[in-house]
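So the protein lines, in turn, are chains F and C. Residue 283 in the numbering used here sits at position 108 of the first sequence; the count goes up by one each step and never skips. Residue 282 in the numbering used here sits at position 107 of the second sequence; the count goes up by one each step and never skips. Note that beta-carbon positions come from the ideal geometry of N, C-alpha and C, so glycine has one too.
2 protein chains.
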Amino acid sequence: MSQDTGQQRLRIWKRILREHDLRLTPARKAVMEILTGCDRPLTAQEIHDRARDHRHSLGIASVYRTLDTLSDLDLIQRIHHLQGCEAYGPALTGHKHFLICTECERMVAFPGWDELDDYFKAEGEKRGYQVKDHWLQLFGVCPECQ
Amino acid sequence: MSQDTGQQRLRIWKRILREHDLRLTPARKAVMEILTGCDRPLTAQEIHDRARDHRHSLGIASVYRTLDTLSDLDLIQRIHHLQGCEAYGPALTGHKHFLICTECERMVAFPGWDELDDYFKAEGEKRGYQVKDHWLQLFGVCPECQ
DNA sequence: TGTTAATTGATAATGATTATCAATATCAAT
DNA sequence: ATTGATATTGATAATCATTATCAATTAACA
């Protein structure tokens with residue numbers, strides 16, 4: 176029987192907040208519930224809207240603040256679209272990247288590749304750069320949208 | 176003797192504009208001169224500032240319009256930073272990506288890898304996705320900033 | 001249950017981008 | 001070169017996203 180991974184992640188996030196002496200407030204819980212359960216990038220505004228559907232009185236400023244907090248804790252990461260605007264999704268543990276549907280924005284993760292890192296590092300060194308990080312996103316069409 | 180590739184690129188861009196029945200105006204020339212000669216991502220505001228240093232009366236709206244135009248023609252591409260905001264840089268011909276210095280933002284291009292495409296496509300197919308595009312940026316520290 | 005400091009929501013302030021529109025300038029035709 | 005049709009411009013207003021401010025609230029702990 177498959178556990179809901181969103182629930183699991185939520186529990187972990189709450190523990191990490193406590194470990195950092197951050198209070199577990201309704202506003203933070205609402206944002207976290209939405210983010211741990213989502214399968215596509217969400218903007219601050221979208222998170223705000225979704226939270227309001229279930230709870231009242233969640234300020235948009237608190238959404239931004241919670242996003243910053245979760246981002247500092249590396250629990251979420253920014254997602255860039257081809258056409259500009261940004262959104263957030265849960266951060267991936269281990270070396271993983273996102274594949275995002277250009278139609279419905281649904282996203283799935285796929286594993287990185289060790290040889291990839293070596294290649295990136297080598298390409299950087301050729302040019303005198305110390306490669307610290309890379310940003311990789313795949314764009315395509317998901318099964319439902321084909 | 177090495178030609179200034181910026182100058183070359185500028186000539187090509189002007190030709191492409193004409194081929195698309197787009198007029199060669201001072202505003203567009205100014206934005207293109209700056210972009211073809213730049214070695215780091217520039218925001219619309221930065222382009223506006225630089226243009227004003229050399230020419231007067233370039234409206235910020237025209238900068239945005241020209242960026243859209245050049246983007247539609249695939250002459251420039253958006254650059255995303257790890258921390259949110261966006262900028263533009265000249266688009267790369269062929270299959271190339273950017274390596275950006277996290278200190279000074281200077282960027283260099285490096286070639287893509289055919290096996291990489293195959294890998295991306297395969298990872299997508301495993302999940303039922305048709306992979307159309309990928310977004311890859313490397314971040315590191317350039318020789319001067321080390 | 002009371003205390004204290006972190007956190008919140010409402011709102012003002014800021015900053016970036018887009019829309020509007022009359023004035024201007026490009027380019028082709030003459 | 002001049003002209004005319006129309007794409008383009010700059011200034012500004014409007015919109016939208018994000019950040020700052022601050023008094024009121026509340027989570028966490030004794």
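Contact set between the stretch 283 to 294 of chain F and chain C, restricted to residues whose Cβ is under 7 Å from the partner: Val283, Phe285, Trp288 and Tyr294
N- and C-terminal bounds of the beta strand (DSSP E) containing Asp308 (chain C): Bounds of the beta strand (DSSP E) holding Asp308 (chain C) are Gln305 to Val316.
Once DSSP output is grouped into helix, strand and coil, what is the label at Cys279 (chain C)? Residue state, collapsed to three classes: coil.
Specify, as a first and last residue, the run of the beta strand (DSSP E) that Gln182 (chain F) falls within. Here Gln182 (chain F) belongs to no beta strand (DSSP E); instead the alpha helix (DSSP H) covers Thr180 to Glu194.
What are the partner residues of Ala284 (chain C), as DSSP defines its beta bridges? C:Phe273
C-alpha gap between Glu298 (chain F) and Phe285 (chain C), whole angstroms: 7 Å
Residues in the same chain with beta-carbon distance under 6 Å from Cys279 (chain C), minus the five sequence neighbours each way, listed in chain order, please. Cys320
Give the residues from the stretch 188 to 221 of chain F that approach chain C closer than 7 Å (Cβ to any Cβ), ordered along the chain. none
Would you say Cys279 (chain F) lies against chain C (beta-carbon separation less than 8 Å)? no
Beta-carbon of Val238 (chain F) versus every beta-carbon of chain C: anything under 8 Å? no
Cα separation between Gln182 (chain F) and Leu311 (chain C)? 31 Å
Length of the line joining the Cα atoms of Asp247 (chain C) and Asp224 (chain F): 32 Å
To which residues of the same chain is His270 (chain F) closer than 6 Å at the C-beta, ignoring the five residues directly before and after it? Gly287
State the Cα-Cα distance for the pair Met207 (chain C) and Ile191 (chain C), rounded to the nearest angstrom. 12 Å
Roughly how many angstroms separate the alpha carbons of Ile235 (chain C) and Lys204 (chain C), rounded to a whole number? Approximately 14 Å between the Cα atoms of the pair.
Specify, as a first and last residue, the run of the alpha helix (DSSP H) that Ser237 (chain C) falls within. Ile235 to Asp247
Which of helix, strand or coil does DSSP assign to Met176 (chain F)? In this prediction, Met176 (chain F) has a pLDDT of 42, which is less than 50 and means its spatial position is unreliable; nothing more can be read from the coordinates.
At least one CB of chain F closer than 8 Å to the CB of Met176 (chain C): is that the case? Model confidence at Met176 (chain C) stands at a pLDDT of 43, short of 50, so the residue's coordinates are unreliable; what they give is reported in the following sentence. So, not an interface residue.
Neighbourhood of Lys239 (chain F) by C-beta, 8 Å cutoff - its chain only, sequence neighbours within 5 removed: The sequence given here has Tyr at residue 239 (chain F), not Lys. Contacts found: Ala219.
With a Cβ-Cβ cutoff of 8 Å, do His255 (chain F) and His255 (chain C) count as a contact? yes
Contact criterion: CB-CB distance below 8 Å. Does Lys271 (chain F) meet it with respect to chain C? no
For His229 (chain C), does the three-state DSSP call read helix, strand or coil? In the structure shown, the three-state DSSP call for His229 (chain C) is helix.
Can you grab the Cα-Cα spacing for the pair Arg215 (chain F) / Tyr304 (chain C), in whole Å? 15 Å
Spatial neighbours of Ala226 (chain C) within its chain, please: CB distance less than 7 Å, with the 5 preceding and 5 following residues excluded, ordered by chain position. Beyond the five residues adjoining it in sequence on each side, Ala226 (chain C) comes within less than 7 Å, by CB distance, of Ala205, Val206, Ile209 and Leu233 in the same chain, given in chain order.
Would you say Gly181 (chain F) reaches chain C, if we count a Cβ-Cβ gap shorter than 8 Å as a contact? no
Closest to Asp313 (chain C) by CA distance: which of C:Thr200, C:Arg281, C:Phe273 and C:Ala202 is it? For the record, residue 313 (chain C) in the displayed sequence is Leu; it is not Asp. If we check each option's Cα against that of Leu313 (chain C), C:Phe273 comes out closest.
Give a yes or no on whether the C-beta atoms belonging to Lys301 (chain F) and Gly315 (chain C) are separated by under 8 Å. no
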